[in-house]
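Beneath this line is the structure, given in structure tokens, with notes to follow.
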Amino acid sequence: MASIAPPLAPRKARRAARRRRPPIIPLALLLVVLIVPALAADLIAPHDPYQSHLRNRLQPPAFWGGSWEFPLGTDRLGRCMLSRILHGAWYALSISMVGIAIGAALGSAMGLIAGYARGLTDVVLMRLADISFALPAVLLVLALGVAWGPSLQAVLIVVAFVLWAQFARQVRGEVLSLRERDFVARARVAGAGHLRILLRHILPNVFNTIVVMATLQIGVIIILEATLSFLGIGIPRPAPTWGLLIADGRQFITSAWWISFFPGLAILLVVLSINLLGDWLRDRLDPRLRQI
Amino acid sequence: MIRFALSRLAQVLFTIWAITVLVFALSHATGSPLDTLLPDDATPEQIAALTSRLGLDQPYHIQYLRFLGSALQGDFGDSLRWRGEPALGLVLDRLPATLSLGGLAVLISLAVALPLGVVAATRKDSWIDLLARAIALLGQAIPAFWLGIVLIWVFAVWLQWLPTSGQGGLRHMILPAIAIAWFQIAALVRLTRSAMLDVLDTEYVKLARIKGLAESRVVWKHAFVNAASVPLTYFGILAGSVLTGSIVVETVFSWPGTGWLAIEAIRGRDFPVIQAVVLFFAVIFLAANYLVDLLYAWLDPRVRHG
Amino acid sequence: MAAGGDSTVLKVRGLRVEIASAAGVIHPVDDISLDLRAGETLGLVGESGSGKSMTGLALLRLLPRPAARIVAGRIELDGTDLVPLSEGAMRRIRGRRIAMILQDPQASLNPAFTIGNQLFEALRAGDRSPRQGLRARAAGLLRLLGLPAPEERLQAYPHQLSGGMRQRVVGAIALASDPQVIVADEPTTALDLTIQAQYLALLEDIQKRTGVAILFITHDFGVVARLCHRVAVMYAGRIVEQGDVRDIFDRPSHPYTAALIRSVPSLTARAARLPAIAGQPPPLSALPAGCSFAPRCAHAQPRCLAQAPPELPGRGGAENRHVARCWRLEDPSWTPD
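Chains as they are written, first to last, in this note's numbering: chain A, 1 to 292; chain B, 293 to 598; chain C, 599 to 935.
If you want it as structure tokens, here you go:
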């Protein structure tokens with residue numbers, strides 16, 4: 001029978017294989033556009049991102065009639081766009097990472113407590129989650145923007161606000177079912193305290209979910225940070241965040257399109273890659289999260 | 293149904309109350325309003341006079357009740373940046389511009405996303421399904437403000453088909469509306485497609501085919517009407533993201549709506565106007581969500597006829 | 599269209615369905631031949647996964663697309679072969695000349711529309727008749743199916759009816775345009791026993807009145823004994839035995855059929871002592887070379903494992919159209935009991 005085994009349906013089989021393989025192209029793009037520049041911009045950037053070259057103002061990119069000295073052109077002060085974008089990667093990476101860490105930690109802690117304690121604690125926390133779910137983050141952005149002006153704290157608070165309720169809901173749901181399982185009962189009989197049960201027995205079981213959710217949210221947060229910086233209520237100047245670079249190019253859209261175009265392209269490539277990576281991670285680790 | 297409507301209404305009112313507390317707390321967490329209202333060299337008498345006029349010498353809960361009382365009457369104080377204009381009046385003046393732009397954006401997203409999602413689901417893995425999935429992926433990855441700038445560059449500067457910015461007729465609204473709609477199209481296509489895939493798999497759709505109905509009737513009557521509840525639940529979130537989108541995109545296109553007003557107010561640290569915008573947006577958003585919840589419940593015969 | 603003479607309305611010959619999946623190409627329906635006469639009920643019996651539901655869907659050309667398709671055979675409905683028909687032509691036959699009742703009445707009515715709405719659709723699919731009279735005909739159908747207060751039921755939504763009532767509505771939809779053949783795919787599995795008995799009596803009654811031919815798909819030999827005139831037993835995509843209901847029960851000629859009948863408690867007194875058939879049906883992607891049932895068969899011989907058996911006359915005799923696929927039938931004195 002083996003010799004006349006029917007051939008695999010080629011398209012389906014290939015797609016199944018692709019699911020199992022890590023997505024190489026997104027990973028490579030992430031390295032090139034985000035991670036390497038974020039960690040080593042000083043080494044690879046051709047120029048100082050803050051230094052003006054007044055004689056070379058608004059130079060077009062090399063392939064658009066400019067020179068290779070400024071591969072992606074220059075802005076209105078003659079600053080090298082490529083160098084500014086490479087340095088901007090650090091802000092995109094660090095703010096999204098720190099923001100996600102805060103939001104995920106806060107939300108997961110709330111979810112763990114709500115699901116484990118149940119009762120009134122659960123009701124109150126989930127009601128809070130509903131409220132912050134029901135509010136567009138933009139309202140908080142406006143209020144904080146006028147209260148504090150552009151600042152790192154304001155960005156991180158907005159990010160945490162956007163994230164925590166999602167993590168809290170998802171984690172709570174899983175804890176509710178986990179706490180009824182045998183291994184939790186055994187730990188309780190063995191005399192483990194609540195904190196120990198939560199951290200040693202329940203948390204490890206929801207960890208995959210938290211990791212997958214965090215990955216799927218990185219793109220959202222990068223875009224949120226860029227939007228705040230674009231509006232002038234994010235990371236304050238002169239940090240060359242991608243959002244700020246796009247804002248600076250806005251008034252030159254008729255004459256020097258490259259100033260706004262390339263930072264946005266960087267955002268697009270990074271977020272697209274992270275989302276593809278997150279989808280793959282979800283399929284691998286936690287297929288139940290499909291709905292999100 | 294009435295029970296449901298009332299309990300949801302209570303939740304909405306509670307949420308609005310929570311927002312007033314938040315707004316009040318923020319306005320006091322960031323230094324006294326006196327700093328912005330008085331010149332730097334104000335005399336102690338001037339400070340004392342303004343303090344008692346604004347009630348800043350009262351305990352916080354009294355101040356909050358006064359704030360809530362005037363807010364309920366639509367009085368958020370006068371704008372600091374546009375001297376002498378009442379804050380709420382400014383917001384109301386700008387509202388039609390925002391609503392018309394947001395409305396057009398919602399129309400565009402529905403008109404594009406629903407058919408695309410439905411057709412993608414009925415022809416799974418065809419080129420049109422691949423297109424729908426590509427749009428869903430790209431929609432999440434493109435920031436609205438950058439898309440707006442790219443649209444201006446391509447259609448206004450390069451092709452010169454449409455104006456770059458400002459307010460005018462419908463021609464001025466097309467590019468900003470697309471920039472706002474883009475993200476919702478992506479989200480709606482994804483939701484519609486997956487909801488349709490689920491519904492097309494059900495026994496009642498099979499039975500509709502067994503009856504010998506035309507495929508268009510099977511898809512649009514039997515499948516879509518049931519699948520539509522999923523995008524409909526999303527409609528509330530859609531309202532929120534249109535509000536967000538309008539703030540960003542109005543800035544890009546210098547569209548003189550509430551979003552543009554809000555950003556100008558932030559630059560001028562104009563707290564009364566921001567308070568009015570925040571509370572007004574919150575009420576619009578929550579009201580939209582409330583209506584969607586009611587509509588959703590009403591559309592489901594299981595709820596309507598208990 | 600009364601019984602008698604050769605009134606075969608549905609004639610299936612060599613039907614084969616193919617599914618291409620990541621696991622390979624399988625044939626959930628493999629070389630099936632059936633005859634169904636007017637006014638007759640043919641029971642298509644088998645375990646789950648034997649291909650009986652897939653056969654039912656194939657007859658209406660409603661296989662799940664794009665994975666499954668008919669690759670060989672003919673489906674002659676009143677002399678017309680359905681296999682080569684265009685989708686449009688097939689749609690004009692579906693619902694009008696061949697109808698189907700699905701397993702789960704809970705799921706087969708659309709929750710968003712009233713019973714009347716869904717019934718009118720079926721009535722109008724039958725002929726392009728105008729709207730007037732639709733309501734009266736719909737109510738009449740529901741009355742035929744034994745639903746009390748039919749006019750009111752037309753306004754109701756599916757969730758407002760009980761499971762038994764819903765299955766009657768599904769029956770009314772199937773009968774709406776007076777079809778020649780109804781494929782009923784386990785229509786009573788989801789109902790409780792009393793309702794099930796009522797529904798079967800109803801089907802019998804309707805068949806007497808309309809002369810409709812029924813292909814009754816089930817895994818339950820008790821239901822077969824109660825309702826069917828003829829029986830076809832399916833195993834791993836093939837029909838292993840086919841004959842009149844009396845022959846199948848009194849003179850089963852395939853070890854699989856015999857074992858299935860023994861496992862129905864109400865049919866034989868010995869049932870309690872006999873275990874269900876040992877083992878599992880083989881996966882369709884790895885069928886044995888010979889008889890598919892041989893690995894589980896107490897009567898298997900070396901030849902059974904090597905070579906697939908042809909259709910041989912069963913113990914009820916070829917003149918009674920009793921056939922089975924078992925090598926042991928070459929020995930006239932052999933019995934599978």
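A virtual CB, placed ideally from N, CA and C, is assigned to each residue, including glycine.
Keep in mind the model is a prediction, meaning the values are calculated, not measured.
Here SER605 of chain C carries a coil assignment [DSSP, helix/strand/coil]. GLU507 of chain B sits in a helix when the DSSP states are folded into three classes.
Three or more Cβ pairs closer than 8 Å define a contact, and the stretch 120-140 of chain A falls short of that threshold against the stretch 55-66 of chain A.
Apart from the 5 residues on each side of it in sequence, LEU380 of chain B sits with its Cβ closer than 6 Å to the Cβ of GLY366, PHE368 and ALA568 in its chain, given in chain order. Sixteen is the threshold: since fewer than 16 other Cβ atoms of the shown chains lie within 10 Å of the Cβ of ASP848 of chain C, the residue is exposed. Within the stretch 105-124 of chain A, contact with chain B at the beta-carbon level (separation under 9 Å) is assigned to no residue. With fewer than 16 other beta carbons inside 10 angstroms of its own, PHE183 of chain A counts as exposed. Taken in chain order, the members of the stretch 524-554 of chain B whose beta-carbon sits within less than 8 Å of a beta-carbon on chain A are GLY532, SER533, LEU535, THR536, ILE539, VAL540, THR543, VAL544 and ALA554. Buried is the label assigned to THR215 of chain A, since at least 16 other Cβ atoms lie within 10 Å of its Cβ. With respect to ILE673 of chain C, VAL607 of chain C sits apart: the two C-beta atoms are not nearer than 7 Å. Taken atom to atom, the span from the alpha-carbon of SER538 of chain B to that of THR390 of chain B is near 7 Å. For PHE167 of chain A, the enclosing alpha helix (DSSP H) stretches over residues 152-178. Here CYS80 of chain A carries a strand assignment [DSSP, helix/strand/coil]. Here TYR352 of chain B is exposed: its Cβ has fewer than 16 other Cβ atoms, across all protein chains shown, within 10 Å. Interface criterion not met: the Cβ of GLY73 of chain A is under 7 Å from no Cβ in chain B. Around the C-beta of THR543 of chain B, 16 or more other C-beta atoms lie within 10 Å, and the residue is accordingly described as buried. From the listed residues B:PRO523, B:PHE306 and B:ARG561, the smallest Cα separation to LEU142 of chain A is found for B:ARG561.
About 17 Å separates the Cβ atoms of LEU245 of chain A and ILE44 of chain A, ruling out a contact at the 8 Å cut-off.
Take LEU586 of chain B, set aside five residues on each side of it, and the residues of its chain with a beta-carbon closer than 7 Å to its own are ALA297, in chain order. The beta carbons of LEU752 of chain C and ILE804 of chain C sit no closer together than 7 Å. The DSSP-derived three-state label of SER255 of chain A is coil. With respect to the 7 Å criterion, ILE668 of chain C and ALA656 of chain C are classified as neighbours on the basis of their beta carbons. Taken through DSSP and simplified to helix, strand or coil, PRO911 of chain C comes out as strand. Distance from the CA atom of PHE316 of chain B to the CA atom of PHE563 of chain B, rounded to whole angstroms, is 11 Å. Taking the CA atoms as reference points, LEU451 of chain B sits about 15 Å from ILE466 of chain B. If you draw a straight line from the Cα of MET763 of chain C to the Cα of SER273 of chain A, it is about 53 Å long.
Short of 6 Å from the beta carbon of VAL411 of chain B, and not among the five residues preceding or following it, lie these beta carbons of its own chain, in chain order: ILE420.
Shown in chain order are the members of the stretch 494-510 of chain B whose Cβ falls below 9 Å from a Cβ of chain C: THR494, GLU495, TYR496, VAL497, LYS498, LEU499, ALA500, ARG501, ILE502, LYS503, GLY504, LEU505, ALA506, GLU507 and ARG509.
Counting along the chain, PRO626 of chain C sits inside no alpha helix (DSSP H); it lies in the beta strand (DSSP E) bounded by residues 622-635. Against ARG425 of chain B, chain C offers no close residue; the least beta-carbon distance is about 17 Å (beta-carbon pairs closer than 8 Å). Assigned with DSSP and collapsed to three states, GLN758 of chain C falls in helix. The three-state secondary structure of GLN730 of chain C, taken from DSSP, is coil. Against chain B, the CB of PRO49 of chain A has no partner CB under 7 Å away; the residue lies outside that interface.
Within chain B, LYS503 and LEU505 have C-beta atoms less than 7 Å from the C-beta of GLU719 of chain C, given in sequence order.
Chain B places no beta carbon closer than 7 Å to that of ALA129 of chain A, leaving this residue out of the contacts. Across the set A:PHE133, A:LEU139 and A:ALA226, the C-alpha of A:PHE133 shows the shortest separation from the C-alpha of TRP164 of chain A.
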